[in-house]
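Number of protein chains: 2
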Amino acid sequence: MKITVGVSNRHVHLNYDDYKILFGDIPLTKRNDLNQPGMYACNETVIIEGSKRSINNVRVLGPLRSYTQVEVSKTDAYTLGVDPPVRNSGELDGAGLIKIIGPCGEIEKEAAIIAARHIHVDKKIRKEHNLEGIEIVSVKILGEKGGIIDNVHLKDSDEAYFELHLDTDDANAFLLKQNDEVEIIK
Amino acid sequence: MKITVGVSNRHVHLNYDDYKILFGDIPLTKRNDLNQPGMYACNETVIIEGSKRSINNVRVLGPLRSYTQVEVSKTDAYTLGVDPPVRNSGELDGAGLIKIIGPCGEIEKEAAIIAARHIHVDKKIRKEHNLEGIEIVSVKILGEKGGIIDNVHLKDSDEAYFELHLDTDDANAFLLKQNDEVEIIK
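Listed in order, the protein sequences are those of chains A and B. Plus 12 on top of the position in the first sequence (first one is 1) and you've got the numbering used here. Plus 12 on top of the position in the second sequence (first one is 1) and you've got the numbering used here.
Right, here's the structure in full:
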């Protein structure tokens, strides 16, 4: 079955305490909504820094969460000098040590992951697309640098926008852009 | 059948005339041999520049060739602001416009490509591995971000080292490193 691609560039999720250290008492401000209901990109950005280099202008995504997480690609990881594992969001056991620098302060913690390839679903989508009881799928990609990606996790929320989220390494390896169409293989 | 991976970072091949413009009359100097017989990385580097940004320290590979070619990843292409097609080496029709800057001068020409995924073979390797008459294969990659890459071209030379060459986007998307082992699927 067909699904559209959402390309996730490096970004940061923050918990309330870390947000206050980085940005002080000013509130998080929305720049634009994302496709997933309730999620948005903020005007706020941070600098992320590993043992080798830093990357500027890394977007904070809202709303605040119960955990702080820095999602990077493997290419970013080499640039920064960090060693992030592949993880589902929020599973930060063994995450890579990284420094996050904001206008008001900085934190250093084990928060860096490479996000596992995932598809956003909810109960209605699972029913509509015959995906009930399925946790992992593969996805077929056409084109000059086509192929198949395995270990694509189905990620449930109360209300989801049906979309395949890939990091920039996966997207660029397969020459995929935002909203391109690919095919789920169960 | 098993094959090892060679990861190709961005690099430049130069023809004699372009080399002279960029480096003057000093000869090209070898830094280290590559796995392909006769090929080597040079001490010489250039700056490559697109419409948006430049990238420093881009390695020149030797020996000089009959054509000048800049091999980049799609990630590099976004960084630079160039629009390279996917091409086999030397097929520069429609290649992306790029500036190459050396210590003695600069050139701007349609030379930027994303190298097609390829496997180096020769007659002996084709015979040994039962690859005679085959032009394109797929490759299966295991691991947390595993999958299959299609459109992998077999590239013949008189004497080859049997190796799969991937750019950094493909390698990083699949968490592959130099000398990792993958599987050819015909």
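The C-beta atom is built at its ideal place from N, Cα and C for all residues, glycine as well. Quick caveat: nothing in here was measured; it's all calculated off a predicted structure.
* Give a yes or no on whether the C-beta atoms belonging to lysine 167/B and histidine 132/B are separated by under 8 Å. => Reading the second sequence from its first residue, position 155 is the one you call residue 167/B. Reading the second sequence from its first residue, position 120 is the one you call residue 132/B. When the beta-carbon positions are compared, lysine 167/B and histidine 132/B come within less than 8 Å of each other.
* Asked: Taking the Cβ atom as the reference point for each residue, do arginine 129/A and asparagine 163/A lie within a distance shorter than 8 Å?
  -> Translated into the one-based positions of the first sequence, residue 129/A becomes position 117. Translated into the one-based positions of the first sequence, residue 163/A becomes position 151. Yes, they are a contact pair.
* To do: Leaving aside the five residues before and after histidine 25/B along the sequence, list all residues of the same chain whose C-beta is less than 6 Å from its C-beta, in chain order.
  => For the purposes of this step, residue 25/B is identified with residue 13 of the second sequence, where counting begins at 1. Result list for histidine 25/B: Leu73, Arg77 and Gln81, in chain order.
* Asked: Going by other Cβ atoms of all chains shown within 10 Å of its Cβ, with 16 needed for buried, is tyrosine 28/B buried or exposed?
  -> Numbered from its first residue, the second sequence carries residue 28/B at position 16. Its Cβ having fewer than 16 others within 10 Å, tyrosine 28/B is exposed.
* Asked: Taking Cβ to Cβ, would you say glutamate 83/B is nearer than 8 Å to isoleucine 113/B?
  -> Along the second sequence, read from residue 1 onward, the residue named residue 83/B stands at position 71. Along the second sequence, read from residue 1 onward, the residue named residue 113/B stands at position 101. Not in contact: glutamate 83/B and isoleucine 113/B (Cβ atoms no closer than 8 Å).
* Could you tell me whether the Cβ of valine 70/B comes closer than 8 Å to any Cβ of chain A? => For the purposes of this step, residue 70/B is taken as residue 58 along the second sequence, with counting starting at 1. No - not a single Cβ of chain A is within 8 Å of the one on valine 70/B.
* histidine 141/A bridges to which residues according to DSSP? -> Position 129 of the first sequence, counted from the start, is the residue given in the question as residue 141/A. Within the DSSP secondary-structure output, histidine 141/A pairs in no beta bridge.
* To do: List the residues of chain A that asparagine 47/B touches, going by C-beta distances under 8 Å, in chain order.
  => Walking along the second sequence from the start, residue 47/B turns up at place 35. Chain order gives no chain A residues near asparagine 47/B, where near means a beta carbon separation below 8 Å; the closest approach is about 21 Å.
* Burial state of threonine 41/B (16 or more Cβ within 10 Å) -> On the second sequence, position 29 is the one that residue 41/B refers to. Exposed: under 16 other Cβ atoms inside 10 Å.
* Going along the chain, which residues of its own chain have a beta-carbon closer than 8 Å to the beta-carbon of leucine 187/B, five neighbours each way excluded? -> Here residue 187/B is taken as the residue at index 175 of the second sequence, counted from 1. Sequence-distant Cβ neighbours of leucine 187/B in its own chain, meaning closer than 8 Å and more than five residues away, are Gly155, Glu156 and Lys157.
* Asked: Going by alpha carbons, who is nearest to aspartate 45/A out of Ser150/A, His141/A and Asn55/A?
  -> By 1-based counting over the first sequence, the position of residue 45/A is 33. If we check each option's Cα against that of aspartate 45/A, Asn55/A comes out closest.
* Alpha carbon to alpha carbon, how far is glycine 102/A from arginine 43/B? Give it in angstroms, no decimals. => Locating residue 43/B in the second sequence gives position 31, where the first residue counts as 1. Locating residue 102/A in the first sequence gives position 90, where the first residue counts as 1. A straight-line Cα-Cα distance of about 45 Å links arginine 43/B and glycine 102/A.
* Assigned exposure category for arginine 65/B - 16 Cβ within 10 Å defines buried -> Counted from its first residue, the second sequence places residue 65/B at position 53. Exposed is the call here.
* Taking Cβ positions only, does isoleucine 160/B come closer than 8 Å to chain A? -> Along the second sequence, one-based indexing puts residue 160/B at 148. Yes, because at least one Cβ of chain A sits closer than 8 Å to the Cβ of isoleucine 160/B.
* Asked: By Cβ distance, which residues of its chain are closer than 8 Å to proline 97/A, with the 5 residues on each side in sequence left out?
  -> Along the first sequence, one-based indexing puts residue 97/A at 85. Excluding residues within five positions, the ones whose Cβ falls inside 8 Å are Gly106, Ala107, Gly108, Ile125 and Ile126.
* To do: Taking only beta-carbon positions, decide if threonine 16/A is within less than 8 Å of chain B.
  => On the first sequence, position 4 is the one that residue 16/A refers to. Taking Cβ atoms only, chain B never reaches closer than 8 Å to threonine 16/A, which makes this a no.
* Asked: Near threonine 91/A, which residues of its chain fall below 6 Å by C-beta distance, leaving aside the five closest residues on each side in sequence?
  -> One-based indexing of the first sequence puts residue 91/A at position 79. Counting only Cβ-Cβ distances below 6 Å, and skipping sequence neighbours, we find Arg65.
* Assigned exposure category for aspartate 37/B - 16 Cβ within 10 Å defines buried -> As a position in the second sequence, residue 37/B is number 25, starting the count at 1. With fewer than 16 other beta carbons inside 10 angstroms of its own, aspartate 37/B counts as exposed.
* Asked: Name the chain A residues that come within less than 7 Å of lysine 86/B, Cβ to Cβ?
  -> Position 74 of the second sequence, counted from the start, is the residue given in the question as residue 86/B. In chain order: Asn184 and Leu187.
* What residues from chain A crowd round aspartate 181/B, counting only those whose CB sits closer than 8 Å? -> In the second sequence, the residue the question calls residue 181/B occupies position 169. In chain order: Thr87, Asp181, Asn184 and Ala185.
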